[in-house]
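The structure under discussion appears below in the form of C-alpha cells.
There are 2 protein chains.
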Amino acid sequence: MKFIHTSDWHIGRQLHNQSLLEDQRHVLAQIVELAVTHEVDGVIIAGDIYDRSIPPANAVALLDEVVNRLVNELKIPVIMIAGNHDGHERLGFASRQMRESGLHIIGPLKPTLTPIVLKGKSGDAVFYGLPYADPATVRHLFESDVSTHEQAMVELLQQVHKHDSQGLPKVVISHCFLDGGSESESERPLSIGGADKISPSLFTPFSYTALGHLHGPQFKGEPQVRYSGSILKYSFSEQHQKKSVTLVELTAEGEASIELLPLTAMRDVRIIEGELDTLLEEGKADLNRDDYLMVRLLDKRAILDPMGKLREVYPNVLHLERTGLMANNSQLAIGRDQIKKGELDMFTDFFSQVSGEPMSEAQQAVMVDAIDELHKQERTS
Amino acid sequence: MKFIHTSDWHIGRQLHNQSLLEDQRHVLAQIVELAVTHEVDGVIIAGDIYDRSIPPANAVALLDEVVNRLVNELKIPVIMIAGNHDGHERLGFASRQMRESGLHIIGPLKPTLTPIVLKGKSGDAVFYGLPYADPATVRHLFESDVSTHEQAMVELLQQVHKHDSQGLPKVVISHCFLDGGSESESERPLSIGGADKISPSLFTPFSYTALGHLHGPQFKGEPQVRYSGSILKYSFSEQHQKKSVTLVELTAEGEASIELLPLTAMRDVRIIEGELDTLLEEGKADLNRDDYLMVRLLDKRAILDPMGKLREVYPNVLHLERTGLMANNSQLAIGRDQIKKGELDMFTDFFSQVSGEPMSEAQQAVMVDAIDELHKQERTS
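Sequences listed follow chains A and B, in order.
Going left to right, the first sequence walks through residues 1 to 381 as full-length UniProt numbering numbers them.
Going left to right, the second sequence walks through residues 1 to 381 as full-length UniProt numbering numbers them.
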C-alpha cells in the first residue's frame, strides 16, 4: 500500500489580499504528477481542503478539476476529511453518491465509523477518516462526558480500535493539534487556552496517522504520527519551511516507510531586508523577483511612495515594514526642537526626491519659518 | 419510461422570515413516496434546487437526505439542473464522481452536451439537461452572437437536435420563462424588460420538456411543454394554486401521457379576512389554524397589539394588513377638527381595550384638553 499524505490545501486562501488560486493550481498539479510518478494507490487529504466554510466558486471549480483528474482520469482513489476551516455539511454533500467512483469525502462526524479499504498493488489497508470535531460535538453525538480535545479523540479512537480490520494495517486520518507541535502564523487556533492539545501517544498504535492542521511538515512521538504540512507558505512566518507531501509505503505487516516529496511553489514567499536603493539594484538581477515578498526597509529617511518604487522591480511586494524609520523614531527625543528638526528633515528628504535636487539654504529657511508659523497657530488654537 | 418531473424546490427559502425547512422536508418525503408508489424510472428536478447560490448548511443536509433516499436506498436515478437561484459551480461540484451512482447534477453550462440515458421498465429515454444560462454566458461559451434568451435557447437546442438518440424519445430539461406563462410573486425575474421570454414552439419537437422557473403548474403551446411548479406556495399570491409534481409516461414512440400528483403541505399558505373578534372566534374551530397566514383586518378602530392577539389563536400569522384602518384613513378629511377627532377616537379605543371599560365623559374631556394643548405647542414650536 503506497499513498500520498497531504493536508491544508486551503483552496481559496489569500495572502495579504492576493489571491493564491493560480499558485494553488500549480502545486496541486505537482501533487497529481507525483501520484502518477510514484504509482500510488491513493491520495489522503487530512482536512482544511478549503480555506473557508463557504469557499468562493472558483475554489470549488479548482477542487473539482483536481478530483476529476485523480479519480476519474487516473483512477486514483482520494480520501478527504473536513478540517476546522471547512464547512462540514457543504463539503460532505452527496458523498454517498461519490463513493463508488473512488472519491471519499468525510464531512460531518457521524456516530458510526465508515472505514475505507483501499486496494494496494502490494497489499491493502483500512483508512479511518475522523473529520475535525470539537469536544461539544463529540459529547452531543456520543452522549459521552468529554470536555477536552484529547478526551474527544480517545472517544473517537475507541471505535477505530474496536473495528476488525481483518489483519490489514490501520491508517487514521485526523485534523487536530498534537501536543508539542510547532505552529506557524497561518493556523486558526482550535480553541482558546490550550485545551486543544492531544498527546501523540494516542496515535502510536496505528500503522500510520495522517494529520492535518499544522502547516509545517513534522512528526510527533513517532515518525509515523505525522503532519504533511500545507501545500504553500500561507504566512511570512513560514518563509524557511520546505513544503512537501508525504509518500508513505506500508508493508503487509503495517510497517511504514516515509519519504518527503518536495513541492515547488510558482512564487516563493519570503522576506527581504535592506535599504531601498540596494534592494532596487539587487532586484534587477533577481530571477525570482516576482515572489511574494515582505520588504523590511532599513532606510532611516522619509521616502515618497516606497511601495510603488519597490513594485516597479518586485511586482508582488505584499507587505512593507519601515524597520529603519521605526528604529529612528524610537530613538527620537520628544523635545520641541527635535520634533521641529524632524519635520524639516522629513520635508528635505521629500523635496529632494520629488525635485531631484537638494534644498537650497534659502528654501530651507522658508520651510523653517513655515513650520514655526504652524506651531504658533497650533499653540494658540 | 415513467418519471416524475418537479422543480423549484428552493430549499432553504423563508416565507416572511419563517424558515420553511420542515415544510420542505415534509413535501420532499411525499415526492419520495410518490416515486415509490408509481414505480418511476427517474426523478427530474428542473432547477432552483436551492433558494440561494450559497444555501445554508441545513438546506444542504436536507438535499443530501433526499438524494440518499432516492438514489442509494431506492436506486431511483435523479437528474437535476441548476436554476437561476442556484450557484452553478457549488451545485455541480464532483458531479462526475456521482454519475455512476445514478445522481446526475448539471451545474455550469458546458460547451458540450451530456445526454443522460435513463433505463425504463417500458423503454428508455434520453434526457438533455440545460442549466439556466443568460445570453451573455451562451455568447461567451459558444462564441455566437446571441443577445436574447430565445436566441440563446435556439443555440443550445441545436445540439439537442443534432444528437443521435438512437431512436429513443428525447426529453429536454430547462429552466426558463416561456412566453405567455403565468407568474407568481415568488419568482425572481430572469432579466429586466422582457427579453427573457422564449417561444414555447421551440420545445414542441421533443417528446417532453420538463420546465422550471414558474411556480404555478402549467403548460404552454402543447401539454408536453410543461412547468411542474414549485413544491410549496412561496408567496401569498399563490394561495389558490394547487401544488403538485408531474408524472410523465412515455411510450417507445415518444408519446407522453401526463398526470398531476398533488402535494399536501404540512401547513397551507393562505389569506384570511375579517374583524378581529370574528377571526379569533372562528380560529378556535379552525383545524388548520397553524397554517401560514396573511390576515387582513377589517376593523376600522385602533387595536392594541393585534399581531399578539391573533397569534394566540393562529400561531403562524406571518403578515398583517390593517385593511379596515387603511380604508378608514383614506376617507379621512384633513380638516384640523377631523384630525383631532381621529386622535380622540384612537385613544378611546386604546383606553377601553387596556382598561376593559369605556371612557367616562370626564375622562374624555381631559383627553380633549390634552390634545388641544399638544396642538397649540405644535403650532408655536
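Just so you know, even glycine gets a beta-carbon here, dropped at the ideal spot from N, CA and C.
Output needed for residue i: all residues of its chain with C-beta closer than 7 Å, excluding positions within five of it in sequence on either side, in chain order.
i                : result
Ser257 (chain A) : Glu249
Arg322 (chain B) : Leu297
Leu70 (chain A)  : Val32, Ala35, Val43, Ile76 and Val78
Ser201 (chain A) : Gly221
Lys284 (chain B) : Val313
Leu260 (chain A) : Pro217, Ser244 and Thr246
Please compile the residues from chain A whose C-beta is within a distance smaller than 7 Å of the C-beta of residue i.
i                : result
Arg96 (chain B)  : Asn68 and Asn72
Met103 (chain B) : Per the sequence shown, residue 103 (chain B) should be read as Leu rather than Met. Ala94 and Gln97, listed in chain order.
Ile54 (chain B)  : Ile54
Please name the residue or residues paired with residue i in a DSSP beta bridge.
i                : result
Lys170 (chain A) : A:Val126
Glu100 (chain A) : DSSP lists no partner for Glu100 (chain A).
Ser19 (chain A)  : A:Gln14
Lys162 (chain B) : Looking at the DSSP assignment, Lys162 (chain B) forms no beta bridge with any residue, so it has no partner.
Arg226 (chain B) : B:Ala210 and B:Phe219
Val117 (chain A) : A:Val126
Thr246 (chain B) : B:His5 and B:Leu260
Ile105 (chain B) : B:Met80
His175 (chain A) : A:Gly212
His319 (chain A) : A:Met294
Ile271 (chain A) : A:Met294
So which of the options has the shortest CA-CA distance to residue i?
i                     : options                                   : result
Ile371 (chain B)      : B:Val245, B:Leu344 and B:Ser201           : B:Leu344
Asp8 (chain B)        : B:Gly229, B:Leu157, B:Glu183 and B:Leu91  : B:Gly229
Val32 (chain A)       : A:Leu168, A:Gln18 and A:Leu63             : A:Leu63
Leu325 (chain B)      : B:Met294, B:Gly107, B:Ile303 and B:Leu130 : B:Ile303
residue 393 (chain A) : A:Phe127, A:Arg96 and A:Pro111            : Missing from the structure shown is residue 393 (chain A); chain A here goes from 1 to 381 and no further.
Leu190 (chain B)      : B:Thr209, B:Pro169 and B:Glu150           : B:Glu150
Ala210 (chain B)      : B:Leu202, B:Leu34, B:Gln377 and B:Ile45   : B:Ile45
Leu178 (chain A)      : A:Phe142, A:Phe219 and A:Ser207           : A:Phe219
Leu279 (chain B)      : B:Leu293, B:Asn17 and B:Asp124            : B:Leu293
Gln159 (chain B)      : B:Leu21, B:Thr112 and B:Thr251            : B:Thr112
Cys176 (chain A)      : A:Ile81, A:Lys119, A:Ser165 and A:Leu263  : A:Ile81
Asp277 (chain A)      : A:Gln353, A:Leu141, A:Leu130 and A:Glu357 : A:Gln353
Tyr208 (chain B)      : B:Pro169, B:Gly181 and B:Pro131           : B:Pro169
Asn288 (chain B)      : B:Ile106, B:Asn84 and B:Met266            : B:Met266
Buried or exposed for residue i, please, with buried defined as at least 16 other CB atoms from any protein chain shown within 10 angstroms of its CB.
i                : result
His163 (chain A) : exposed
Glu312 (chain B) : exposed
Arg99 (chain B)  : buried
Asp290 (chain B) : exposed
Arg188 (chain A) : exposed
Glu183 (chain A) : exposed
Gln97 (chain B)  : buried
Ala362 (chain A) : exposed
Gln338 (chain A) : Here Gln338 (chain A) scores only 47 on pLDDT, less than 50, and its place in the model is too uncertain to base an answer on.
Val171 (chain B) : buried
Asp305 (chain A) : exposed
Gly102 (chain B) : buried
Gln241 (chain B) : buried
Gly47 (chain B)  : buried
Gly167 (chain A) : exposed
Asp369 (chain A) : exposed
Glu281 (chain B) : exposed
Val317 (chain B) : buried
Identify, in the order they occur along the chain, each residue of the same chain with its Cβ nearer than 8 Å to the Cβ of residue i, setting aside the five sequence neighbours on each side.
i                : result
Gln331 (chain B) : Since pLDDT at Gln331 (chain B) reaches only 47, below the 50 mark, its modelled position is unreliable, and the value read off the structure follows with that caveat. Here the set comprises nothing.
Arg139 (chain A) : Asp145, Val146, Ser147 and Ala152
Pro223 (chain A) : Ala256 and Ile258
Glu373 (chain B) : none
Between residue i and the rest of its own chain, which residues show a CB-CB distance below 6 Å, the 5 nearest in sequence each way excluded?
i                : result
Lys233 (chain A) : Val269
Leu28 (chain B)  : Val66
Gly12 (chain B)  : Tyr50, Asp51, Pro55, Pro56 and Ala59
Arg336 (chain B) : Its pLDDT being 45, under 50, Arg336 (chain B) is placed unreliably in this model, and the coordinates cannot settle the point.
Lys2 (chain B)   : Val40, Asp41 and Glu249
Met307 (chain B) : Leu320
Thr251 (chain A) : none
Ser19 (chain A)  : none
Thr348 (chain B) : Met359
Leu156 (chain A) : Leu130
For a contact defined as C-beta to C-beta under 9 Å, what are the partners of residue i on chain B?
i               : result
Val60 (chain A) : Gly87, Glu89, Arg90, Gly92 and Phe93
Could you list which residues in chain B have their beta carbon closer than 7 Å to that of residue i, in chain order?
i               : result
Glu57 (chain A) : Note on identity: in this sequence residue 57 (chain A) is Ala, with Glu being the wrong assignment. What Ala57 (chain A) touches in chain B: Gly87, Glu89 and Arg90.
Asp64 (chain A) : Phe93 and Ala94
Along chain B, which residues have their Cβ under 8 Å away from the Cβ of residue i?
i                : result
Glu100 (chain A) : Glu100 and Ser101
Does the CB of residue i have a neighbour CB from chain C at under 8 Å?
i                : result
Gln364 (chain A) : Any reference to chain C falls outside this structure, whose protein chains are A and B.
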